[in-house]
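K.L.:
Next up is a structure, given as structure tokens.
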Amino acid sequence: MEFAHDVAEVQEFEGRHPKQLYLLFFTEMWERFSFYGMKALLLAYMVSQLKFDEPKGYAILGSYSALVYTMPMFGGMLADRFLGYRKAIMFGGILMTIGHLVLAIPQGWSFFYGMAFIICGNGFFKPNISSLVGTLYANNDPRKDSAFSIFYMGINIGAALGGLLCGYVGQRINWHYGFGLAGIFMILGLIVFSIGKKTLKKKGLPLNAAELRKPRFAFITNEHIIYIASLAIIPLVVALFHAYEVMDWIMLVLGTLSVCYILFIAFKLEKIERFQLFAALTMIIFSTLFWSFYEQNSGSLNLFALRNVNMNVLGYNLPGLAVNNFLPPAWVIILSFVFAWLWPWLNKRGQEPSTPMKFAFSFILLGIGFYVFYLACKASTATGLIPLTTFALGYFFIISGELCISPIGLSMVTKLSPKNIVAMMMGIWFFASAIGEFLAGKIGSLMSVPKEVAEAENPVLSLPYYADIISNIGLGSIVIGVILVCFVPFLKRWMHDVK
Ligand code: PHE
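Quick note, the sequence shown lines up with residues 227 to 725 if you use the working numbering.
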């Protein structure tokens, strides 16, 4: 009886989401299809086609991923102050489409230019589509959290399909077709958005449209200037790729500045708000470490999947890149249902863990996942190939960890930041993942396999290059989780009444 009542309530509840949510759902789904489809190919393409040394491949991957998630800070700011979310999404989407199509051109010059277009495009697209979801609901609307869960599902359906399709086409048919396929789906996302955006009525329009249309020189308006300035950044990003060592300094300086800026704001606040912001900052700093381990998925684990996972299923040899990029989002889709049930279930019994405790669990779960990979390596030294089922099992734990930090962190930021800096703190949350992605490149390069070993294509020889670092990541992550458990009482006190 009670169960039937719950279901009816859920159905009614779900049914009440505005149809515009699904417009944004499908736009983001196709955008993430292209984003993750392309990322699935990136490292393996650099190493096997462009013949980069592995450490260079990891450094470029780390720089690309770091820049991709640094730009949303600026794209978000420009949309808030000038463009409005809709124009920013269209412009970002167009840049991303160009980026994917440039990558599809089989020429030496196209590679860095393609990535630079995607980096700038993502800066405009990614933060603003999430903010646009937020505008569909009033701040205290109870549907808001579930809207973001539905949206997160769209992200991962896109990521799963993109990883699968582009991974397959890139690895088995032609790398450039794989990149091109990503571009085609990005165009699909843009078409969906441009047809449906009228239904958004006034939502996401620029705050001051007249100002935006005002000509500056001749027929060049303020709006044009933003677009031209963004295009001018593209060659700079390309130059950065050629001197990627500079990225160490850029990330260090931007990271230090962000921490100092948050502390500066915190010291101007009343006591309770100040400590709440300290709690948010501490958790954001920890999240950086989480992403640096987690993002091995799109780096070292791609090559590991190609070299050291037994992809033979019933006599058919599965494409490793597709499998490695399909598994994590597929687990997110499945496990989202489990967590959507688990947290309220624990809550009813007064046993739902606090936000910092969930953060601690995320590290412990991720650590267990990597340790599963490590144990599989230990047991497979004779063949050099770990079973696909164990590989999938490791990801089960890693993704359970993701679901204890990624959605929880987003809501933590909105709850612990003073109202007037929520958007900026959101940018910093993404920036923390940018630093994490950058560190992931550094950790990944510790698993570089020398050219002779890679060319020998013998799994027994390549396995040891992964096993030890994987075990260190596993143990390191569990230790960080335990340290975080010790911090929990302090963080809870700092958070005051926020759970
Ligand atoms: N995979 C999710 C997304 O693409 C969450 C995520 C965001 C993970 C940023 C890492 C960095 O939106």
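Note that beta-carbon positions come from the ideal geometry of N, C-alpha and C, so glycine has one too.
(1) Under 5 Å from any heavy atom of the ligand PHE, by CB: list those residues in chain order, please.
(2) How about Gly-662 and Tyr-284: do their beta carbons lie closer than 8 Å?
(3) Do the CB positions of Pro-613 and Asn-684 come within less than 8 Å of each other?
(4) Three-state secondary structure (DSSP) at Ile-612?
(5) Alpha carbon to alpha carbon, what distance is there between Trp-401 and Arg-312?
(6) Taking just the CA atoms, how far does Ala-618 sit from Pro-555?
(7) On the premise that Tyr-600 lies in contact with Gly-700, defined as a C-beta separation below 8 Å, what is that separation, rounded to the nearest angstrom?
(8) Out of Trp-335, Phe-552, Gly-340, point me to the one whose CA is closest to Leu-329's CA.
(9) Ser-703 to Arg-307, Cα distance in whole Å?
(10) Per DSSP, what kind of secondary structure is Ser-606 in: helix, strand or coil?
(11) Starting from the C-beta of Phe-530, find all residues in its chain whose C-beta is less than 7 Å away, skip the five residues before and the five after it, and write them out in chain order.
(12) Report all residues from its chain with a CB closer than 7 Å to the CB of Ile-383; omit the five preceding and five following residues, and keep chain order.
(13) Counting only beta-carbon separations shorter than 8 Å, does Ala-465 have a partner in chain D?
(14) Spell out a yes or no on whether the stretch 583-597 and the stretch 620-627 are touching, meaning 3 or more CB-CB pairs, one atom from each, closer than 8 Å.
(15) Indicate whether Leu-547 and Asn-528 have their beta-carbon atoms separated by less than 8 Å.
(16) Buried or exposed for Ala-658, please, with buried defined as at least 16 other CB atoms from any protein chain shown within 10 angstroms of its CB.
(17) Is the stretch 441-457 in contact with the stretch 270-288, if contact means three or more CB pairs nearer than 8 Å?
(18) Note down the Cα distance separating Ile-476 from Leu-572, rounded to an integer number of angstroms.
(19) Three Cβ pairs or more, each shorter than 8 Å: is that satisfied between the stretch 369-386 and the stretch 256-270?
(20) If we call anything under 8 Å between Cβ atoms a contact, is Met-673 one with Ile-706?
(21) Tell me whether Ala-682 is buried or exposed, calling it buried when 16 or more other Cβ atoms sit within 10 Å of its Cβ.
(22) Start and end of the alpha helix (DSSP H) containing Pro-368?
(23) Could you tell me whether the Cβ atoms of Leu-407 and Val-395 are closer together than 8 Å?
(24) Quick check: Phe-656 and Gly-288, are their CB atoms within less than 8 Å of each other?
(25) Whole angstroms are fine: how far does the CA of Leu-431 sit from the CA of Ser-456?
(26) Taking all protein chains shown into account, decide if Gln-333 is buried (16 or more other Cβ within 10 angstroms of its Cβ) or exposed.
(27) Would you call the stretch 706-725 in contact with the stretch 583-590, where contact means no fewer than 3 C-beta pairs closer than 8 Å?
(28) Using only the alpha-carbon positions, how far apart do Glu-228 and Phe-259 sit?
(29) List the endpoints of the continuous beta strand (DSSP E) containing Ala-278.
(30) Quick check: the Cα distance between His-722 and Leu-515, rounded to an integer number of angstroms?
(31) Cα-Cα, which of Gly-310, Ser-562, Pro-676, Leu-293 is closest to Asn-434?
(32) Give the straight-line distance between the Cα atoms of Asn-348 and Ala-505, rounded to the nearest whole angstrom.
(33) Nearest by alpha-carbon distance to Cys-603: which of Asn-646, Met-650, Arg-533 is it?
(34) Three or more C-beta pairs under 8 Å: does that hold for the stretch 288-299 against the stretch 344-364?
P.N.:
Quick look at the numbers:
(1) Every residue passing the under-5 Å Cβ criterion appears here: Ile-381, Ser-659.
(2) Position 436 of the sequence shown, counted from the start, is the residue given in the question as residue 662. Position 58 of the sequence shown, counted from the start, is the residue given in the question as residue 284. Taking 8 Å as the cut-off, the beta carbon of Gly-662 is found no closer than this to the beta carbon of Tyr-284.
(3) Here residue 613 refers to the residue found at position 387 when the sequence shown is read from its first residue. Here residue 684 refers to the residue found at position 458 when the sequence shown is read from its first residue. Contact: no.
(4) Mapped onto the sequence shown, residue 612 falls at position 386. Strand.
(5) In the sequence shown, counting from the first residue as 1, residue 312 sits at position 86. In the sequence shown, counting from the first residue as 1, residue 401 sits at position 175. Their backbone Cα atoms lie some 32 Å apart in a straight line.
(6) Here residue 555 is taken as the residue at index 329 of the sequence shown, counted from 1. Here residue 618 is taken as the residue at index 392 of the sequence shown, counted from 1. A straight line joining the alpha-carbon of Pro-555 with that of Ala-618 spans about 12 Å.
(7) Counted from its first residue, the sequence shown places residue 700 at position 474. Counted from its first residue, the sequence shown places residue 600 at position 374. Indeed they touch by this definition, with Cβ atoms about 6 Å apart.
(8) Counting from one through the sequence shown, the residue named residue 329 turns up at place 103. Nearest of Trp-335, Phe-552, Gly-340 to Leu-329, Cα basis: Gly-340.
(9) The residue you call residue 703 lines up with position 477 of the sequence shown. The residue you call residue 307 lines up with position 81 of the sequence shown. For Ser-703 and Arg-307, the distance between alpha carbons rounds to 39 Å.
(10) Locating residue 606 in the sequence shown gives position 380, counting from the first residue. When DSSP states are grouped into helix, strand and coil, Ser-606 belongs to the coil group.
(11) Counted from its first residue, the sequence shown places residue 530 at position 304. Within the same chain, and ignoring the five residues on either side of Phe-530 in sequence, the residues whose Cβ sits closer than 7 Å to its Cβ are Tyr-692.
(12) By 1-based counting over the sequence shown, the position of residue 383 is 157. The answer, listed in chain order, is Met-255, Ile-559.
(13) Checking the listed chains, one finds no chain D in this structure; it contains a single protein chain.
(14) Cβ pair count under 8 Å is three or more, so yes.
(15) Looking up residue 547 in the sequence shown gives position 321. Looking up residue 528 in the sequence shown gives position 302. At the C-beta level, Leu-547 and Asn-528 come within 8 Å of one another.
(16) Along the sequence shown, one-based indexing puts residue 658 at 432. When all chains shown are included, Ala-658 counts as buried.
(17) Taking a cut-off of 8 Å on C-beta distances, the stretch 441-457 does not touch the stretch 270-288, as fewer than three cross pairs fall below it.
(18) Stepping through the sequence shown from its first residue, residue 476 is reached at position 250. Stepping through the sequence shown from its first residue, residue 572 is reached at position 346. The straight-line gap separating the alpha-carbon atoms of Ile-476 and Leu-572 is approximately 43 Å.
(19) With contact defined as three or more Cβ pairs closer than 8 Å, the stretch 369-386 and the stretch 256-270 are in contact.
(20) The residue you call residue 673 lines up with position 447 of the sequence shown. The residue you call residue 706 lines up with position 480 of the sequence shown. In terms of Cβ geometry, Met-673 and Ile-706 do not form a close pair [threshold 8 Å].
(21) The residue you call residue 682 lines up with position 456 of the sequence shown. By the neighbour-count rule (16 or more Cβ atoms within 10 Å), Ala-682 is not buried but exposed.
(22) Counting from 1 along the sequence shown, the entry for residue 368 is found at position 142. That residue, Pro-368, is in no alpha helix (DSSP H); it is neither H nor E in DSSP.
(23) For the purposes of this step, residue 407 is identified with residue 181 of the sequence shown, where counting begins at 1. For the purposes of this step, residue 395 is identified with residue 169 of the sequence shown, where counting begins at 1. Yes; because the gap between Cβ atoms is below 8 Å, this pair is in contact.
(24) To locate residue 656, count along the sequence shown from 1; it is residue 430. To locate residue 288, count along the sequence shown from 1; it is residue 62. No, these two residues do not count as a Cβ contact at 8 Å.
(25) For this step, residue 456 is matched to residue 230 along the sequence shown. For this step, residue 431 is matched to residue 205 along the sequence shown. Taking the straight line joining both Cα atoms gives about 20 Å.
(26) Within the sequence shown, the letter at position 107 stands for residue 333. Note on Gln-333: under 16 other CB atoms within 10 angstroms of its CB, so exposed under the neighbour-count rule.
(27) Yes, they touch.
(28) Position 2 of the sequence shown, counted from the first residue, corresponds to residue 228. Position 33 of the sequence shown, counted from the first residue, corresponds to residue 259. For Glu-228, the predicted model reports a pLDDT of 36, less than 50, meaning its position is unreliable; a value from the coordinates is still stated below. Rounded to whole angstroms, Glu-228 to Phe-259 spans 39 Å at the Cα level.
(29) For the purposes of this step, residue 278 is taken as the residue at position 52 of the sequence shown. As written in the sequence, residue 278 is Phe, which differs from the Ala given in the question. Looking at the DSSP string, Phe-278 is not in any beta strand (DSSP E), and its letter there is neither H nor E.
(30) The residue labelled residue 722 in the question sits at position 496 within the sequence shown. The residue labelled residue 515 in the question sits at position 289 within the sequence shown. Near 25 Å, if we compare the C-alpha coordinates of Leu-515 and His-722.
(31) To locate residue 434, count along the sequence shown from 1; it is residue 208. Residue Gly-310 holds the alpha-carbon nearest to the alpha-carbon of Asn-434 among Gly-310, Ser-562, Pro-676, Leu-293.
(32) Stepping through the sequence shown from its first residue, residue 348 is reached at position 122. Stepping through the sequence shown from its first residue, residue 505 is reached at position 279. CA-CA distance, Asn-348 to Ala-505, rounds to 29 Å.
(33) Against the sequence shown, residue 603 aligns to sequence position 377. Out of Asn-646, Met-650, Arg-533, Arg-533 has the C-alpha closest to the C-alpha of Cys-603.
(34) Yes, the stretch 288-299 is in contact with the stretch 344-364.
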